[in-house]
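J.:
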Amino acid sequence: MQDALRRGLFVIMTDLQLADTAQYWVGIDKVYADIMTSISVTVSEETVSEPHVWFLSPSSKTCWGSPVTVRCLSKRGTSVRYTWYKAEESGRGRKTLLQHSSDLQLHCGIVGDGDHYYCNASNSMSSKRSRPISTQILLPAENNCIYILALEGQQQYDCWDRLRTSTAPPLKSTPVTEEYRSTDTLSIPVNHSNKCNVPLRMRLGVPLWYEALRWLLFASLLTVLCLVRRSRKARGIHTNS
Numbered sequence: 001m002q003d004a005l006r007r008g009l010f011v012i013m014t015d016l017q018l019a020d021t022a023q024y025w026v027g028i029d030k031v032y033a034d035i036m037t038s039i040s041v042t043v044s045e046e047t048v049s050e051p052h053v054w055f056l057s058p059s060s061k062t063c064w065g066s067p068v069t070v071r072c073l074s075k076r077g078t079s080v081r082y083t084w085y086k087a088e089e090s091g092r093g094r095k096t097l098l099q100h101s102s103d104l105q106l107h108c109g110i111v112g113d114g115d116h117y118y119c120n121a122s123n124s125m126s127s128k129r130s131r132p133i134s135t136q137i138l139l140p141a142e143n144n145c146i147y148i149l150a151l152e153g154q155q156q157y158d159c160w161d162r163l164r165t166s167t168a169p170p171l172k173s174t175p176v177t178e179e180y181r182s183t184d185t186l187s188i189p190v191n192h193s194n195k196c197n198v199p200l201r202m203r204l205g206v207p208l209w210y211e212a213l214r215w216l217l218f219a220s221l222l223t224v225l226c227l228v229r230r231s232r233k234a235r236g237i238h239t240n241s
């Protein structure tokens, strides 16, 4: 209570709670009679403002698979409660309640590609939600993943330094057996894999080695016929002489 003399009497009440709602009396003691006046005080909750979210540590730590904590805070409002939700990109508006807290820790075990996280601040008067945090998975893994967190209004970052040093898992070679059928009902099994694909030349459904063998036999037959013919001529000349 402050007596400002000519300006009047000032009553200052601080740290008011909802239970402080009541009627109060202020009196001035005088010699013959006290001057009393009543003051009606009503304490109500203040509506919440849009909550602000920010990272407690550098968000680029996600490039190395480290967890990142996000904090949510509403600058205005009384008895504010904070709740974190996750909305999947393919969920068609479906949301999942994560926890009732102002802080949320994101790590490889819970983040998914295309997920959106947001905080909801509420009290008995109103409710407001924060801007969403979107995720992008560059290298999925249970512990040492690579992911990016994007928050509207903040500078974007990439994980190029980490991607240059990471090695992608090798591709697996899956053998597949196919059958090539010719007009002679000849079937040849061919083995294909991701690492080695050897083309097989075909002519009218006949493999190359079979064609070469045919020509070799034909040439051998011609050679034999020529030798037989020459031998017969030599015998005829010898008989005439």
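For the sequence shown, full-length UniProt numbering assigns the number 1 to the initial residue and increments by one for each residue that follows. The C-beta atom is built at its ideal place from N, Cα and C for all residues, glycine as well. Please read these numbers as outputs of a predicted model, since none were measured by experiment.
Among residues of its own chain, excluding the 5 on either side of residue 246, which ones have a beta-carbon nearer than 6 angstroms to its beta-carbon?
T.: Because residue 246 is not part of the residues shown, which for the chain are 1 to 241, the question remains open.
J.: Helix, strand or coil for residue 95? Go by DSSP, reduced to three states.
T.: DSSP places residue 95 in strand when its eight states are reduced to three.
J.: Under 8 angstroms Cβ to Cβ from residue 152, same chain only, skipping five residues before and after it: list those, please.
T.: Correct list, in chain order: 131 and 132.
J.: Determine the burial state of residue 12: buried for a count of at least 16 other Cβ atoms within 10 Å of its Cβ, exposed for fewer.
T.: Classification of residue 12: exposed, given that the 10 Å Cβ count is below 16.
J.: Helix, strand or coil for residue 27, going by three-state DSSP, please let me know.
T.: Strand, per DSSP.
J.: In or out: residue 121 buried (at least 16 other Cβ within 10 Å) or exposed?
T.: The residue is buried, with at least 16 neighbouring Cβ atoms inside 10 Å.
J.: Leaving out five residues before and five after residue 42 in sequence, what residues of the same chain have Cβ atoms less than 8 angstroms from its Cβ?
T.: So the list reads 21, once near-sequence residues are dropped.
J.: Tell me, which residues are paired with residue 101 by DSSP?
T.: DSSP, once it has assigned bridges, lists no residue as partnering residue 101.
J.: May I ask which residues mark the beginning and end of the beta strand (DSSP E) holding residue 136?
T.: 133–139 is the span of the beta strand (DSSP E), which, as asked, contains residue 136.
J.: Whose C-alpha, out of 74, 88, 144 and 234, is nearest the C-alpha of residue 65?
T.: Nearest of 74, 88, 144 and 234 to residue 65, Cα basis: 144.
J.: Going by beta carbon distance, what residues of the same chain come within less than 6 angstroms of residue 157, once the five residues before and after it are set aside?
T.: 60.
J.: Rounding to the nearest angstrom, what Cα-Cα distance links residue 232 and residue 212 in this structure?
T.: Answer to the nearest angstrom: the Cα atoms are 31 angstroms apart.
J.: Between residue 88 and residue 148, what straight-line distance do the alpha-carbon atoms span, to the nearest angstrom?
T.: Their backbone Cα atoms lie some 16 angstroms apart in a straight line.
J.: Looking at the secondary structure, which residues open and close the beta strand (DSSP E) in which residue 120 lies?
T.: Unbroken beta strand (DSSP E) run through residue 120: 116–122.
J.: Just mark residue 48 as buried or exposed, buried being the case when its beta carbon has 16 or more other beta carbons within 10 Å.
T.: The residue is buried, with at least 16 neighbouring Cβ atoms inside 10 Å.
J.: Any idea what DSSP makes of residue 212, helix, strand or coil?
T.: Here residue 212 sits in helix by DSSP.
J.: Identify, in the order they occur along the chain, each residue of the same chain with its Cβ nearer than 8 angstroms to the Cβ of residue 150, setting aside the five sequence neighbours on each side.
T.: Counting only Cβ-Cβ distances below 8 angstroms, and skipping sequence neighbours, we find 133, 134, 135, 136 and 156.
J.: Out of 50, 69, 63 and 51, point me to the one whose CA is closest to residue 57's CA.
T.: Residue 57 has its Cα closest to that of 69, out of 50, 69, 63 and 51.
J.: Helix, strand or coil for residue 224? Go by DSSP, reduced to three states.
T.: Correct three-state label for residue 224: helix.
J.: What does the alpha-carbon distance come out to for the pair residue 187 and residue 107?
T.: For residue 187, the predicted model reports a pLDDT of 42, less than 50, meaning its position is unreliable; a value from the coordinates is still stated below. Distance between the alpha carbons of residue 187 and residue 107 is about 55 angstroms.
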